[in-house]
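Each residue of the sequence shown is one higher than the one before, counting from 60 in the working numbering. Virtual Cβ for every residue (Gly too), placed ideally from N, Cα, C. Note that this is a predicted model, so its numbers are computed, not measured. The structure appears right after this line, and notes come after that.
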Amino acid sequence: FNSPQLYHNPKMMGMGMYLEWSASVDNVVFEWWPADTPAKYYCSLFGIFFIAIFCQAIMYARMSLGDENKHRIEHPLVSRLVKTLLYGVQFSVGYFLMLVVMTYNWGLVLSVIGGMTTGYLAFLSSTRYHHVSAGCN
60 FNSPQLYHNP KMMGMGMYLE WSASVDNVVF EWWPADTPAK YYCSLFGIFF IAIFCQAIMY
120 ARMSLGDENK HRIEHPLVSR LVKTLLYGVQ FSVGYFLMLV VMTYNWGLVL SVIGGMTTGY
180 LAFLSSTRYH HVSAGCN
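In structure tokens, the structure reads:
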């Protein structure tokens with residue numbers, strides 16, 4: 060594995076790790092999700108914004124299942140399975156949002172931040188769960 064091509068790939072030499080402003084990206088995380096036109100890009104911004112809100116909603120639902128004043132599932136096994144399923148979905152959505160941020164596109168990054176902030180305002184800011192980390196975990 061000591062191939063010189065592995066360490067000196069000319070295609071990778073010009074790739075910078077910096078945030079950039081542009082109204083399009085080739086793909087948003089997946090190859091089947093192109094945002095190569097302004098219309099697709101802005102639709103992607105709105106979609107990511109709502110996915111980030113969804114992440115906070117899942118966090119709220121998971122936290123409120125154990126609260127005696129909120130919705131409570133009486134059967135302990137069913138409660139544990141539902142919480143575990145919600146955790147898995149929340150974890151997956153959180154990692155997806157991390158990958159969106161790693162596109163290094165300002166619009167997409169701000170869409171994630173705006174959605175997480177809006178979701179916090181809508182679901183968590185007036186509850187006792189406001190101390191939960193912003194990492195969607």
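### Task
Could you spell out the range, first to last residue, of the beta strand (DSSP E) harbouring valine 171?
Not the beta strand (DSSP E): valine 171 falls in the alpha helix (DSSP H), residues 165-178.
### Message
Is serine 123 close to chain D? Criterion is C-beta to C-beta, closer than 8 Å.
### Response
Annotation note: the requested chain D is absent from the structure, which comprises a single protein chain.
### Message
If you measure between the beta carbons of alanine 82 and proline 97, is that distance less than 8 Å?
### Response
With contacts defined as CB atoms closer than 8 Å, alanine 82 and proline 97 qualify as a contacting pair.
### Message
Quick check on the DSSP output: the beta strand (DSSP E) that includes valine 88 runs from which residue to which?
### Response
No beta strand (DSSP E) contains valine 88, which DSSP labels as neither H nor E.
### Task
Count the other CB atoms, across all protein chains shown, that sit within 10 Å of the CB of glycine 147; report buried if there are 16 or more and exposed otherwise.
Exposed is the call here.
### Query
Hey, leucine 167 and isoleucine 107: beta-carbon distance below 8 Å or not?
In this structure, leucine 167 sits near isoleucine 107, with a CB-CB distance shorter than 8 Å.
### Message
Please return the same chain residues whose Cβ sits closer than 7 Å to the Cβ of phenylalanine 182, not counting the five positions on each side in sequence.
### Response
Counting only residues of its own chain and dropping the five nearest sequence neighbours on each side, phenylalanine 182 has a CB closer than 7 Å to the CB of Gln115, Ala116 and Tyr119.
### Task
Give the DSSP bridge partners of glutamate 133, in chain order.
BP columns for glutamate 133 are empty, so no partner.
### Cutoff 8 Å; reference glycine 73; Cβ partners in own chain excluding five residues on either side
For glycine 73, the pLDDT reaches just 47, beneath the cut-off of 50, and the residue's location in the model is therefore unreliable, although a value from the coordinates is still provided. Around glycine 73, the same chain offers no residue with a beta carbon nearer than 8 Å, after the five sequence neighbours per side are excluded.
### Message
Can you find the residues in the same chain that come closer than 6 Å, C-beta to C-beta, to threonine 177, ignoring five residues on each side of it along the sequence?
### Response
Answer for threonine 177: Ile112, listed in chain order.
### Query
For isoleucine 110, which of Gly173, Trp91 and Ser185 has the nearest alpha-carbon?
If we check each option's Cα against that of isoleucine 110, Gly173 comes out closest.
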